[in-house]
Amino acid sequence: MDILLTGAGGQLGVEIARQAGDSALELTALAHHELDVSEREAVLDAVSAVRPRVIINAAAYTAVDDAEADRQTAFAVNSDGPANLAEAAEKTGATLVHISTDYVFDGSKSLPYAETDETSPINVYGESKLAGETAVQSTCARHVILRTSWLYGLHGGNFVKTMLRLGKERDVLRIVSDQTGCPTYTGDLAAAILSICRRHVDGNPPQDGFGLFHYAGAGQTSWYEFAREIFRLSNAFGMKAPRLEAIATTDFPAKAPRPQNSALECSKIEAAYGLRARPWRSSLAGMLDTFSRDRNTS
Numbered sequence: 001m002d003i004l005l006t007g008a009g010g011q012l013g014v015e016i017a018r019q020a021g022d023s024a025l026e027l028t029a030l031a032h033h034e035l036d037v038s039e040r041e042a043v044l045d046a047v048s049a050v051r052p053r054v055i056i057n058a059a060a061y062t063a064v065d066d067a068e069a070d071r072q073t074a075f076a077v078n079s080d081g082p083a084n085l086a087e088a089a090e091k092t093g094a095t096l097v098h099i100s101t102d103y104v105f106d107g108s109k110s111l112p113y114a115e116t117d118e119t120s121p122i123n124v125y126g127e128s129k130l131a132g133e134t135a136v137q138s139t140c141a142r143h144v145i146l147r148t149s150w151l152y153g154l155h156g157g158n159f160v161k162t163m164l165r166l167g168k169e170r171d172v173l174r175i176v177s178d179q180t181g182c183p184t185y186t187g188d189l190a191a192a193i194l195s196i197c198r199r200h201v202d203g204n205p206p207q208d209g210f211g212l213f214h215y216a217g218a219g220q221t222s223w224y225e226f227a228r229e230i231f232r233l234s235n236a237f238g239m240k241a242p243r244l245e246a247i248a249t250t251d252f253p254a255k256a257p258r259p260q261n262s263a264l265e266c267s268k269i270e271a272a273y274g275l276r277a278r279p280w281r282s283s284l285a286g287m288l289d290t291f292s293r294d295r296n297t298s
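Its first residue numbered 1, the sequence shown is counted upward by one per residue in UniProt numbering.
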């Protein structure tokens, strides 16, 4: 088997499985109800049975606010899970492609974060994801860790789909304008992941193709500007556009603090794999076009 995918029911996992189905890659996709990555013996048994060349870990606990009160579950999925998969990959000689997050940073830097920048998460979710990275790095020699930022797509819950839903329900939306990141389309990230996997399945990874990498939509923006672009584009498809009000983080209390800046610098993955993400506005336009067509045909 070429690839074993965990977290196949999540917004990224669904997209990876869909794209893999259109390629020549053989992929076994396991959702949470089929494989709980926090259960060590189940993970070891699954990897031993499938014998993949590459494992993609898209399984994650992503409820950032809920994690503040549910630290145990967040760490079980985001730390123990990657540790179990790393152990299984090391035992079988597989490459582990593990998906991580921009929230491992505290957001105090004014420029986009590089892979060499110091990590200092400010919420439980970020702490659990950083612990997962550390487990992978210390256990599995053949690893590719991909940090990404502000993920959205056609499947599952995300900021874009939340905005479209709230836009139909409300006349005014108040959106945080002082947090900065790089919106990343699951379609683009899935394609990048499968491109990396193809190199490893073929036994032809680049010389510097292991380790830690950043991949996110090109360019950076605020949640407020992101929302403005969502409604500017969706309005062309006949969707309602509410009035937007820019607010500060302090005016939008949340259980978990967020980094003020979590934009990612992505030149390393371009140098190693030749992967350059599209500008985030272009990717958003493509996603909304597909979303609109799917809505009109359903």
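Just so it is clear, CB atoms sit at the ideal spot from N, CA and C, and this is done for glycine as well.
- Secondary structure at L35: coil, using DSSP grouped into helix, strand and coil.
- Here the alpha carbons of H33 and A218 stand approximately 34 Å from one another.
- If you ignore the 5 residues before and after G209, its C-beta comes within less than 8 Å of the C-beta of V144, I196, R199, H200, A272 and Y273, all in its own chain and listed in chain order.
- Sequence-distant partners of L288 (beyond 5 residues in either direction) whose C-beta falls short of 6 Å from its own C-beta, in its chain, are L233 and S234.
- Bridge pairing for P279: A218 [DSSP].
- Beta-bridge analysis with DSSP links R243 to V172.
- The stretch 88 to 95 makes no contact with the stretch 115 to 135; the number of CB pairs closer than 8 Å stays below 3.
- Taking all protein chains in view, the Cβ of A58 is crowded by 16 or more other Cβ atoms within 10 Å, so the residue is classified as buried.
- DSSP, read as helix, strand or coil, puts I193 in helix.
- The C-beta of V47 has 16 or more other C-beta atoms within 10 Å across all chains shown, which makes the residue buried.
- Burial state of R51 is exposed, judged by a 10 Å Cβ sphere holding fewer than 16 other Cβ atoms.
- By the Cβ rule, the stretch 144 to 160 does not count as touching the stretch 237 to 252, because fewer than three pairs are nearer than 8 Å.
- In the DSSP assignment, S100 falls within the beta strand (DSSP E) that extends over T95 to T101.
- Between the stretch 179 to 198 and the stretch 130 to 143, the count of Cβ pairs shorter than 8 Å is below three; the stretches do not touch.
- Excluding its 5 nearest sequence neighbours in each direction, F75 has C-beta neighbours in its own chain below 6 Å: S128, listed in chain order.
- If you look at A29, you'll find it in the beta strand (DSSP E) that goes L27 to L30.
- A residue is called buried when at least 16 other Cβ atoms come within 10 angstroms of its Cβ; A254 does not meet this threshold and is exposed.
- Here the C-alpha atom of V160 lies approximately 17 Å from the C-alpha atom of V14.
- Y152 carries a strand assignment under DSSP once its states are collapsed to helix, strand and coil.
- Here V64 carries a coil assignment [DSSP, helix/strand/coil].
- When C-alpha distances from W223 are compared across I99, N78, S177 and M1, the shortest belongs to S177.
- From the listed residues G187, A135, V54 and L212, the smallest Cα separation to T290 is found for G187.
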